[in-house]
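Colleague: Before we start, here is the structure in question, set down as structure tokens.
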Amino acid sequence: AASTPKTVSLPKRVLALAALAGSIAVVTCGMFITKHVDIEQIQQLSFSALSPLFYCCVLASVLFVAAICFAGPAVLARTVRTWTAVLPFRLPSWRIACGQAVSRARRSTSTVIPLVAGMILVMSYTGLTQIFRATLMMMPRNLAAHWEVPGFVRILALLGPVLLLVLTGVLAGYLISTRGRGLDLALVSVTGAEPRQLSMVAAFDGLITAVTAAVLAFIASMLVTSIFAVGMYKAFGLVGFAVPWKQWLFILIVLLPVSTGISWLTVRRSLQESPAAYIARYSDE
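The number in this note's numbering is simply the position in the sequence shown, starting from 1, with 19 added.
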């Protein structure tokens with residue numbers, strides 16, 4: 020309602036493909052550099068055996084973020100349409116919110132992209148350290164004792180400035196999209212929707228935004244951590260694959276209600292105003 024749908028231009032498609040190809044090239048290079056280490060014949064394990072692969076995986080996660088940013092409208096719209104189609108919900112408010120989310124993903128990515136970027140970076144780094152810790156537990160004690168693997172809280176502290184920028188971007192995205200989302204709800208109200216249904220649509224919109232970001236971040240982080248696990252197996256002949264389920268659960272428990280609440284609060288004014296007056300005010304009539 021607020022702007023015309025965006026299409027991914029040819030230059031952005033090229034940049035997205037270049038970033039994706041770069042991420043593949045980086046992890047491939049890291050795999051080639053990684054050498055096999057016979058843990059039965061060494062006295063002390065050195066990080067130099069894994070540092071190229073580790074840093075290549077971190078760089079690959081950054082390039083994944085860049086690819087998603089360049090191809091934002093197409094990737095986000097397709098992701099929303101795919102995961103919402105799997106759910107058997109037939110509630111009218113939910114179906115309207117799904118349609119609006121797909122349409123908004125084509126028009127603006129200012130809310131979802133910062134959220135996806137932050138989650139990919141945090142959870143990729145967390146996944147790498149989880150696999151690292153699980154593999155160390157399988158090694159002889161004299162080798163694993165020399166390592167200190169940062170926990171989830173420490174990772175959040177290390178990435179604090181980045182997360183602050185991500186949070187600022189997400190909040191700014193919600194504020195930027197307030198007008199468009201308010202107009203969408205006003206148009207739905209004109210068709211005869213009740214105030215309770217409009218509130219549910221606004222809440223579902225925030226929920227869909229959060230879940231979409233989590234789905235994209237989960238896929239990207241799992242790709243990065245899986246490649247790292249393969250590299251660990253190549254280096255040591257063993258690997259302890261671990262997915263940070265507790266950390267994902269923590270993020271979802273915090274993210275889903277916060278995103279839902281912010282989405283509803285940012286359009287609360289439009290819910291309390293006459294739809295015709297709201298549309299006229301933003302149409303300069």
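Virtual Cβ for every residue (Gly too), placed ideally from N, Cα, C.
#1: Spatial neighbours of I227 within its chain, please: CB distance less than 8 Å, with the 5 preceding and 5 following residues excluded, ordered by chain position.
#2: Tell me whether W264 is buried or exposed, calling it buried when 16 or more other Cβ atoms sit within 10 Å of its Cβ.
#3: For the alpha helix (DSSP H) that A239 lies in, which residues bound it at each end?
#4: Let's test the definition: count the other Cβ atoms within 10 Å of the Cβ of V277 and tell me whether it reaches 16, buried, or not, exposed.
#5: Assess, as a yes-or-no matter, whether the segment 74 to 87 is touched by the segment 150 to 160 under the definition of 3 or more beta carbon pairs within less than 8 Å.
#6: Quick one: what's got a C-beta closer than 7 Å to M305's C-beta in the same chain, skipping five residues either side?
#7: Considering V131, what are the terminal residues of the alpha helix (DSSP H) in which it resides?
#8: Give me the residue from A222, W267, I238 with the minimum Cα distance to W283.
#9: Considering F51, what are the terminal residues of the alpha helix (DSSP H) in which it resides?
#10: Whose C-beta lies closer than 6 Å to the C-beta of Q216 among residues of the same chain, with five residues either side of it excluded?
#11: Where does the unbroken alpha helix (DSSP H) through V262 begin, and where does it stop?
#12: Pair every Cβ in the segment 79 to 90 with every Cβ in the segment 252 to 263, then say whether three or more of these pairs are closer than 8 Å.
#13: With 16 as the cutoff for other CB atoms within 10 Å, does P332 come out buried or exposed?
#14: Are the Cβ atoms of S143 and T244 separated by less than 8 Å?
#15: If distances are taken between C-alpha atoms only, which option among R114, F237, Y252, V45 comes closest to T145?
#16: Which stretch, first to last residue, makes up the alpha helix (DSSP H) that contains F108?
#17: Going by CA-CA distance only, name the one from S42, P30, L36, F51 that's closest to V249.
#18: Taking the alpha-carbon positions, what's the F269 to F247 distance?
#19: Can the beta-carbon of V56 be found less than 8 Å from the beta-carbon of A254?
#20: Report the option in S28, F89, T53, V230 whose CA atom is closest to the CA atom of W267.
Modeller: Reading off the structure:
#1: Locating residue 227 in the sequence shown gives position 208, counting from the first residue. These residues qualify, in order along the chain: V99, T103, A116, C117, A120.
#2: For the purposes of this step, residue 264 is taken as residue 245 along the sequence shown, with counting starting at 1. Classification of W264: exposed, given that the 10 Å Cβ count is below 16.
#3: On the sequence shown, residue 239 is found 220 positions in, with the first residue counted as 1. First-last of the alpha helix (DSSP H) with A239: 214 to 255.
#4: Taking the sequence shown and counting its residues from 1, one reaches residue 277 at position 258. That one is exposed.
#5: no
#6: No statement about residue 305 is possible, as the shown extent of the chain runs from 20 to 304 and does not include it.
#7: Residue mapping note: residue 131 aligns to position 112 of the sequence shown, counting from 1. Element bounds for V131: 131 to 155.
#8: Working through the sequence shown from its first residue, we reach residue 283 at position 264. The candidate whose alpha carbon is nearest that of W283 is A222.
#9: The residue labelled residue 51 in the question sits at position 32 within the sequence shown. Taken as a continuous stretch (DSSP letters only), the alpha helix (DSSP H) holding F51 covers 29 to 52.
#10: Counting from one through the sequence shown, the residue named residue 216 turns up at place 197. If we look at Q216 and ignore the five residues flanking it on each side, its Cβ neighbours are S112.
#11: Start at 1 with the first residue of the sequence shown, and residue 262 comes out as number 243. Note, V262: premise wrong, no alpha helix (DSSP H); not H, not E.
#12: no
#13: In the structure displayed, the chain extends from 20 to 304; residue 332 sits before or after that span and is not available.
#14: Reading the sequence shown from its first residue, position 124 is the one you call residue 143. Reading the sequence shown from its first residue, position 225 is the one you call residue 244. It is a contact, given that the beta carbons lie within the stated cut-off.
#15: As a first step, residue 145 must be located in the sequence shown, where it is residue number 126. When only C-alpha atoms are compared, the closest one is F237.
#16: For the purposes of this step, residue 108 is taken as the residue at position 89 of the sequence shown. Neither: F108 is in no alpha helix (DSSP H) and is coded neither H nor E.
#17: Within the sequence shown, residue 249 is the residue found at index 230, counting from 1. Nearest C-alpha to V249: F51.
#18: Here residue 269 is taken as the residue at index 250 of the sequence shown, counted from 1. Here residue 247 is taken as the residue at index 228 of the sequence shown, counted from 1. One C-alpha to the other measures close to 23 Å.
#19: Here residue 56 is taken as the residue at index 37 of the sequence shown, counted from 1. Here residue 254 is taken as the residue at index 235 of the sequence shown, counted from 1. Yes, the pair counts as a contact, with Cβ atoms nearer than the cut-off.
#20: What you label residue 267 is simply residue 248 of the sequence shown in a count that begins at 1. Of the listed residues, the one whose Cα sits closest to W267 is V230.
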